[in-house]
Amino acid sequence: MAGGAQQGEDDPITDINVTPLVDVSLVLVIIFMAIAPFALTSGIKVLESKASAAVGKVSKSESVNIKLELSGRLSVNGKETDFKGLGMEVAKALQGQKDRMTILTADDDNKVGDIVRILDISKQFGAKKIAIMQTLKPIQREKKG
Numbered sequence: 016m017a018g019g020a021q022q023g024e025d026d027p028i029t030d031i032n033v034t035p036l037v038d039v040s041l042v043l044v045i046i047f048m049a050i051a052p053f054a055l056t057s058g059i060k061v062l063e064s065k066a067s068a069a070v071g072k073v074s075k076s077e078s079v080n081i082k083l084e085l086s087g088r089l090s091v092n093g094k095e096t097d098f099k100g101l102g103m104e105v106a107k108a109l110q111g112q113k114d115r116m117t118i119l120t121a122d123d124d125n126k127v128g129d130i131v132r133i134l135d136i137s138k139q140f141g142a143k144k145i146a147i148m149q150t151l152k153p154i155q156r157e158k159k160g
């Protein structure tokens, strides 16, 4: 017969049955496909604007401007503060504002952890919208000689 050696009645079955393995694998693939969209939806919504083309509906006077300098200086609407007092300053500045918008201006070389910490504190103290504004570095022109 075409199909290999025949086994007798007393011989143990040595072939591997792959059908259960394929069934379990396909069920796992379906489960992962169903769960994957939910795993990607966590995070904070941030309005990102380029410094060269920053156009928005909210003016500077209607928003809270937080500035983080590379040296670590932190200011809210021009008033210098630290991380401990940031929440209270943001809460005071947001009082009476309709949009409750916070604009964070930071240097490219700032630590991501500090920026996330500022965004987190802003959200905790009442900011509804958050925007990150990038500062432009001056362009150095090459001297032609």
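Numbering (this note's numbering), first residue to last: 16 to 160.
Where is the CB? At the ideal position from N, CA and C, for every residue including glycine.
- In the three-state reduction of the DSSP assignment, V33 falls in the coil class, being assigned neither a helical nor a strand state.
- Closest option to A121, judged by alpha-carbon separation, among V42, D129, L109: D129.
- Relative to the Cα of N92, the nearest Cα in the group K107, V37, L134 belongs to K107.
- DSSP places A106 in the uninterrupted alpha helix (DSSP H) bounded by 98 to 109.
- Shown here, K143 sits in coil according to DSSP, grouped into three states, outside any helix or strand.
- Burial is judged here by how many other beta carbons sit within 10 angstroms of a residue's own beta carbon; K82 has at least 16 and is buried.
- Exclusion of the five residues before and after D124 leaves L85 as the residues of its chain whose Cβ lies within less than 6 Å of its Cβ.
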